[in-house]
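Residue numbers (this note's numbering): 32 to 489.
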Amino acid sequence: MRTTPPGPAGVPVFGNSRQYARDPFTFLASVEAAYGDVVRFDLGPLETYLLTNPADVERVLVSEAPKFRKTEVGNDAIDTLLGDGLLLSEGETWRKQRQLAQPAFSPQRVAGLGEVIVRNAREMLDDWEPGEVRDVQLEMARVTVRIIVEAMFGARLSERQTESIQEHLEPLGQRFEPDPMRAVVPEWAPTRENRQYHESVRALESIIDELVAGRRGTERDPAVDPASDAVGDDGEPMDLLSILLRARDRGEQTDEQLRDELMTMLLAGHDTTALALTYTWYLLSAHPEAEARVHDELAAVCGGDAPTAADVRDLEYLDRVLQESMRLYPPVYALFREPKLDVRLGGYRIPKGATLMLSQWATHRSGRWYREPEAFDPDRWLPERRAERPRFAYFPFGGGPRHCIGKHLSLLEAKLIVGTVAQEYELDYVREGPFELRGSLTMHPDEPMGMRIEPRTE
C-alpha cells in the first residue's frame, strides 16, 4: 500500500511549477483525472497536496477546520496588499474582525441594499448605446466596485476614483499570476513589475484615505448607511466603514487594521462578483435557449419593472444559471490550507505544514461528481438532481467558519444586475470560439470579453 499520494514527476528546484504556471487549469484537471482524490506535486519549494474528493474538502473546511490554517506561503506581495484583513488573518485576530464585520452583512441589511444595486446597474445602462461593443468584464468590474464602496463604505466613488481603481487592478493581478521565477526575485528588488505593483498599491491606499476622510465625523449618522432600514439597535449606521471607525474610536482598531480591512473589502468585495457576472453573460450568449428562459422568467416575475430584493426569491431559473456559471467558471479556482499537525486524508499521511490545495476548478469539472461535466446545464441544480451529489462537490464560496462573508450580497448583486440588464438588452459575445483563462488570485479571461449590446425585441 502506498504511503505517499501519487502525482506527476517534477524537475529539480522547480518541481511542477512550470507546468502549473503555463496553464494551471489544464494542469489541475489533468492530475485530478489521472490520480484521483489526493495528488502530490511540488510548486517550487511548496510540497503540495491537491484534494479533489468532496469528503476531504468538507473535513478541511468544516468538520475538522480547527486542525488547519491558511497556508503561509511567505508571499510578501500579498501581505503588502491585504495585510491582516479578513482574508489573510488567523486565530483570535480573525475571529474578532469577523465578529466586528458581521453586522454589515446581516440578511436584513443585505436585503436593504437592493435599491443601491439596481440604481448603479441603471446608471451603467445609461452609458450604453445599442449596437456598440463593450468589454463586459470591465463593465461588470466597474459597476460592482461602485456598489461595494457605496454598500460597505457609505460613499460614492467619483469618476476619477473609479477609473484609477480599474487602471491599477491590472498590475495587481499580474503580480499574482503563477510564475516559478517570482519566488527567487524578492519584493524589494527594483524590477519594473515590482515598481508597478507598489505604485498600484499606493494608488489604492490613496483612494481609501480619501473615502475615510470624506466619512470622518459621520460614523454615527444613520443617514449615511445606504441600507437605512438596517441601522443598529442604537440607531447607528451599520456599513462596514462606520463600524470600523467606531471601533477605532473605542481603541479597538488601529489605523493599520482599518486600512487592511478596507483594502480587502475594496478588492475581494467586487472582483469575484464581477467575474461571476462576466462568465454568466458569456454562457447565456452561447446558449440562447437558456437566455430565453431567463428573459421569460424576468417578464413573469418583474413584469418590466426594476427587480427588487424580494423578487430574487422567485427567480429560480436565474439562480440555477448563476450556480452553473460558478461551477464551470469559479472565480476563486483554488483555496489553500496547511495542517497544524500530521493528518490523514484520503488514506494518506499529510505532514504538518504541507500545502493543501482545494481546487474548485478541478472538483467542479470532475466526471466523478457530474454527468457531462463540461456541459452548461442549469437544471442540474434542480433539488432532486443536486441531492445526487456530495455537498462539497460545489464550493464557490468556500465553506465552514471561513466561508465568504459576502456570499449573500454577491448573489443578490448578481441576480439584480442580470435582472436589470437582461430586461433591456441581450449581450452577444463577438468572438468565435472559447476564450483563454489566466490564473491569479482569481480566474480572469485572458482577453477582452467584447459583447455587442442588442436591445431586447419581443
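Where is the CB? At the ideal position from N, CA and C, for every residue including glycine.
So, does the CB of Arg416 fall closer than 9 Å to a CB anywhere in chain E?
Among the protein chains of the structure shown there is no chain E, as only one such chain exists.
Straight-line gap, Glu198 to Arg462 (C-alpha atoms, nearest Å)
Cα atoms of Glu198 and Arg462: separation of roughly 24 Å, rounded to the nearest angstrom.
DSSP puts Met482 in a beta bridge; with which residues?
The partner list for Met482 (beta bridge, DSSP) reads Arg165, Tyr460.
Does the contact criterion of 3 or more C-beta pairs under 8 Å hold for the segment 296 to 308 versus the segment 439 to 456?
Contact between the segment 296 to 308 and the segment 439 to 456 is present, because at least three Cβ pairs lie under 8 Å.
Taking 9 Å as the cut-off, decide whether the C-beta atoms of Leu496 and Pro257 are in contact.
With the chain represented from 32 up to 489, any question about residue 496 goes unanswered, as that position is not in the structure.
From which residue to which residue does the alpha helix (DSSP H) around Phe56 run?
Unbroken alpha helix (DSSP H) run through Phe56: 55 to 66.
Looking at the strands, I want to know which residues DSSP matches up with Phe99.
Beta bridge pairing from DSSP links Phe99 with Pro370.
So, is Gly464 buried or exposed, given that buried needs 16 or more other C-beta atoms within 10 angstroms?
Burial state of Gly464 is exposed, judged by a 10 Å Cβ sphere holding fewer than 16 other Cβ atoms.
Okay, do the segment 396 to 403 and the segment 135 to 149 touch, 3+ Cβ pairs below 8 Å being the bar?
When C-beta atoms of the segment 396 to 403 are compared with those of the segment 135 to 149, fewer than three pairs fall below 8 Å, so the two segments do not count as touching.
Note down, in chain order, each residue of its chain lying with its Cβ closer than 6 Å to the Cβ of Gly105, except the 5 sequence neighbours on either side.
At Gly105 the pLDDT is 49, less than 50, meaning the model places this residue with poor confidence; the figure from the coordinates comes in the next sentence. For Gly105, same chain residues with a beta-carbon under 6 Å away, outside a window of 5 residues either side, do not exist.
For Val44, count neighbouring Cβ atoms within 10 angstroms of its own Cβ and tell me buried if that reaches 16, exposed if not.
Flag for Val44 reads exposed.
Under 9 Å between the Cβ atoms of Tyr310 and Pro268?
For the 9 Å CB-CB criterion, Tyr310 and Pro268 do not form a contact.
Work out the CA separation of Gly266 and Leu156 for me, nearest whole Å.
Using only the alpha carbons, I get a separation of about 35 Å.
Would you identify the three-state DSSP class for Val70, choosing helix, strand or coil?
In this structure, DSSP gives Val70 an extended state, which the three-state scheme calls strand.
Hey, is Ala142 close to the ligand NAD, as in C-beta under 8 Å from one of its heavy atoms?
This structure simply doesn't include the ligand NAD, nor any ligand for that matter.
According to the Cβ coordinates, are Gly162 and Arg483 closer than 9 Å?
Yes, the pair counts as a contact, with Cβ atoms nearer than the cut-off.
What separation, rounded to the nearest whole angstrom, lies between the Cα atoms of Leu289 and His395?
Inter-residue distance for Leu289 and His395 is about 35 Å (C-alpha atoms, whole angstroms).
What residues match up with Leu81 in a beta bridge as DSSP calls it?
DSSP, once it has assigned bridges, lists Val70, Met388 as partnering Leu81.
Cutting at 6 Å between CB atoms, please list the residues of its own chain near Arg469, excluding the five before and the five after it.
The answer, listed in chain order, is His475, Asp477.
If the criterion is Cβ atoms closer than 9 Å, does the pair Gly114 and Asp73 meet it?
Taking 9 Å as the Cβ cut-off, Gly114 and Asp73 do not qualify as a contacting pair.
So, at 8 Å on beta carbons, what are the nonlocal neighbours of Arg246 in its own chain, with the 5 sequence-adjacent residues on each side left out?
If we look at Arg246 and ignore the five residues flanking it on each side, its Cβ neighbours are Phe184, Gly185, Ala186, Val255, Leu272, Ser273, Leu276.
By alpha-carbon positions, which one of Gln168, Val174, Ala393 ends up nearest to Phe466?
Comparing Cα-Cα distances from Phe466 to each of Gln168, Val174, Ala393, the minimum goes to Gln168.
Pick helix, strand or coil for Tyr360, following the three-state DSSP scheme.
In this structure, Tyr360 counts as coil in the three-state DSSP scheme.
DSSP three-state label for Met294, please.
Collapsing the DSSP output to three states places Met294 in a helix.
Given Gly430, which residues of its chain have a CB within under 6 Å of its CB, disregarding the five upstream and five downstream residues?
Leu92, Val93.
Between Val70 and Ser61, what straight-line distance do the alpha-carbon atoms span, to the nearest angstrom?
Spanning the two alpha carbons is a distance of roughly 11 Å.
Local conformation of Gly105 per DSSP, three classes:
Confidence in Gly105 is poor, its pLDDT being 49 and thus under 50, which makes the residue's placement too unreliable to answer from.
Can you confirm whether the segment 222 to 231 touches the segment 199 to 209 when touching is taken to mean that 3 or more C-beta pairs between the two stretches lie within less than 8 Å?
Yes: the two stretches touch, three or more of their Cβ pairs being nearer than 8 Å.
Using DSSP bridges, identify the partner residues of Tyr379.
Bridge partners of Tyr379: Leu376.
Can you look up Pro37 in the DSSP assignment and give me helix, strand or coil?
In this structure, Pro37 counts as coil in the three-state DSSP scheme.
Spatially closest choice to Asp110 from Glu287, Ala278, Glu154, by CA coordinates:
Among Glu287, Ala278, Glu154, the Cα nearest to that of Asp110 is on Glu287.
Would you mind sorting Gln391 into buried or exposed? The rule is 16 or more other CB atoms within 10 Å of its CB.
Burial call: buried.
Rounded to a whole number of angstroms, what is the C-alpha to C-alpha distance between Met32 and Gly378?
Only weak support is given to the placement of Met32: the predicted model assigns it a pLDDT of 45, under 50, and the value that follows is read from those uncertain coordinates. Put simply, the backbone Cα of Met32 is about 10 Å away from that of Gly378.
For Leu346 and Pro370, believed in contact at Cβ under 8 Å, the rounded distance:
The distance from the Cβ of Pro370 to that of Leu346 is about 41 Å, inconsistent with a contact at the 8 Å cut-off.
The alpha helix (DSSP H) spanning Gly145 covers which residue range?
Looking at the DSSP string, the run of the alpha helix (DSSP H) that includes Gly145 is 145 to 157.
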